[in-house]
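S.K.:
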Amino acid sequence: MNLKLHNPFIFRNCYLSLLLLGALPCVMAQDLYVGPNAEFYLAKDLAFTTSNTVVAVDASGTFSMEAGTNWGSAQEFVDGNVSVFGAGETTLPVGNKGVYAPVVMKHSADVSAQYSNSAPSGGTNGTDVDAVSGVEFWELTGNAVVTLPWNENSDITSLVNDNGGVLSAVSIVGLNGGVWDLISASHSFTVTGDLLNGNVASDLNNEVNLDGFGQYTFGIDNQVVLSVNDLFLSTGINLLSNPVKAEESDIRFMASGEMVDLKASIYDINGRLMKRFDKIELSVGEGNLPKSNLKSGLYFLKFEHEGKQGVKKLIIE
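Residues -29 to -1, 1 to 288 in mature numbering (1 follows the signal peptide of the UniProt record, and there is no 0) are what the sequence shown lists, from first letter to last.
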């Protein structure tokens, strides 16, 4: 049996003496605690359960695993540092404060992960980063293709809807020298799921040097928001005032057909949301959006209707 026990740790209600004699085919434990400077090692093919309890790990302790191990659930996960030895594709079963947030890594060498269900460190948004989650973060090391999950605790709904409304713009960002940057190139992230449950993966063809960032969380790739295909070309939305003159108070547009619950958002050149309009009313196909407080410059006007989206360039004089 491949099990390493380093320094003090505690099994409560566990047949440890029988395990060490090799009498059991698996580890059956409850309330596992990995103490200061201790290490608990879980081999890939070892059946393991904590009987629906969370493994607590001291700040200086480590729960370690063999590469390729796939253990963990919303009832059984590790609150603390998880380290993986070797190369492979591994699920690191991390969580915190009752929230399970496993990291999937496809890695060429040793990796580690730890999760915190609290706001990440402050920082400024870097190039191509429109916004950053203020709910949770991970600490990661090694070299790997990384997949991070979200659930109802992650508030992806607010992150997406307040910053362009494009789910595919969700990305993984890392904090580097006080700046949140995309950990892979813009447009290279793979997003699956919906606003309540899903995940996002870094560039599937290139490992990320995870040691280059202090913390990781979800962000918005503003280049994805601004490059949404203009689906309104087929239905016909045209700007009647573009550029918008200094003396004009409204941005006027014309729609070729009736559009109920039409929405619009205005973004600046850096992808920041400036204004949002819900349930725009049309009169004989014409609509008006107040220009108030928009300074002169280039903007992007995004329309949304019945699941379709389209972006128009807008100039304010």
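Ideal Cβ positions, reconstructed from N, Cα and C, are used throughout, including at glycine.
Near GLY242, what residues of its chain come up, given a Cβ to Cβ distance below 7 Å and the 5 sequence neighbours on each side ignored?
M.R.: One-based indexing of the sequence shown puts residue 242 at position 271. Hits under 7 Å: ASP101, ASN193, VAL196, LEU197.
S.K.: Figure out for me which residue from LEU210, LYS234, LYS216, ALA217 has the closest Cα to the Cα of ARG223.
M.R.: Within the sequence shown, numbered from 1, the residue matching residue 223 stands at position 252. It is LEU210.
S.K.: Name the residue from LYS77, LEU285, ILE286 whose alpha carbon lies nearest to the alpha carbon of GLU178.
M.R.: Taking the sequence shown and counting its residues from 1, the one referred to as residue 178 is at position 207. Closest option to GLU178, Cα to Cα, is LYS77.
S.K.: Looking only at its chain, what residues have a beta carbon closer than 6 Å to the beta carbon of ALA140, apart from the 5 residues adjacent to it on each side?
M.R.: Your numbering for residue 140 matches position 169 in the sequence shown. Taken in chain order, the residues that qualify are ILE191, ASP192, VAL195, VAL196.
S.K.: Which residues in the same chain as LEU167 place their Cβ atom closer than 6 Å to its Cβ, once the five residues preceding and following it in sequence are excluded?
M.R.: Against the sequence shown, residue 167 aligns to sequence position 196. Correct list, in chain order: GLU123.
S.K.: Taking 9 Å as the threshold (C-beta atoms), are MET36 and LEU13 in contact?
M.R.: Translated into positions along the sequence shown, residue 13 becomes position 42. Translated into positions along the sequence shown, residue 36 becomes position 65. Yes. Within cutoff.
S.K.: Which whole-angstrom value describes the C-beta separation of LEU130 and PHE189, a residue pair presumed to lie in contact below a C-beta threshold of 8 Å?
M.R.: Counting from one through the sequence shown, the residue named residue 130 turns up at place 159. Counting from one through the sequence shown, the residue named residue 189 turns up at place 218. Yes, they are in contact, since the Cβ atoms of LEU130 and PHE189 sit about 6 Å apart, within 8 Å.
S.K.: Alpha carbon to alpha carbon, what distance is there between LEU63 and LEU181?
M.R.: As a working note, residue 181 is residue 210 in the sequence shown. As a working note, residue 63 is residue 92 in the sequence shown. About 15 Å.
S.K.: With DSSP collapsed to three states, give me the class of ILE127.
M.R.: Locating residue 127 in the sequence shown gives position 156, counting from the first residue. Helix, per DSSP.
S.K.: Which residues share a DSSP beta bridge with GLN280?
M.R.: Reading the sequence shown from its first residue, position 309 is the one you call residue 280. GLU275, per the DSSP bridge assignment.
S.K.: For the beta strand (DSSP E) containing ASN147, list its first residue and its last residue.
M.R.: Position 176 of the sequence shown, counted from the start, is the residue given in the question as residue 147. Taken as a continuous stretch (DSSP letters only), the beta strand (DSSP E) holding ASN147 covers 141 to 147.
S.K.: Quick check on the burial criterion: 16 or more other C-beta atoms within 10 angstroms. Buried or exposed for VAL26?
M.R.: Counting from 1 along the sequence shown, the entry for residue 26 is found at position 55. Answer is buried; the Cβ neighbour count reaches 16.
S.K.: The alpha helix (DSSP H) spanning LEU197 covers which residue range?
M.R.: Here residue 197 corresponds to residue number 226 of the sequence shown, with the count starting at 1. It spans 193 to 197 - the alpha helix (DSSP H) in which LEU197 sits, taken as one unbroken run.
S.K.: Could you check whether SER79 and residue 321 sit closer than 9 Å to each other, using their CB atoms as the reference points?
M.R.: Outside the shown range of the chain (-29 to 288) lies residue 321, about which nothing can therefore be said.
S.K.: Quick one: grab the DSSP three-state call for GLY169.
M.R.: Taking the sequence shown and counting its residues from 1, the one referred to as residue 169 is at position 198. Strand.
S.K.: Pick from ASN8, TRP121, GLY136, ILE287: whose alpha carbon is nearest that of SER212?
M.R.: Along the sequence shown, one-based indexing puts residue 212 at 241. Checking every option, the nearest Cα to that of SER212 belongs to ILE287.
S.K.: Name the two residues that bound the continuous beta strand (DSSP E) containing PHE248.
M.R.: Here residue 248 refers to the residue found at position 277 when the sequence shown is read from its first residue. Here the beta strand (DSSP E) through PHE248 covers 244 to 251.
S.K.: I need the straight-line Cα distance from ASN176 to VAL116, nearest angstrom please.
M.R.: Numbered from its first residue, the sequence shown carries residue 176 at position 205. Numbered from its first residue, the sequence shown carries residue 116 at position 145. The alpha-carbon atoms of ASN176 and VAL116 are separated by roughly 8 Å.
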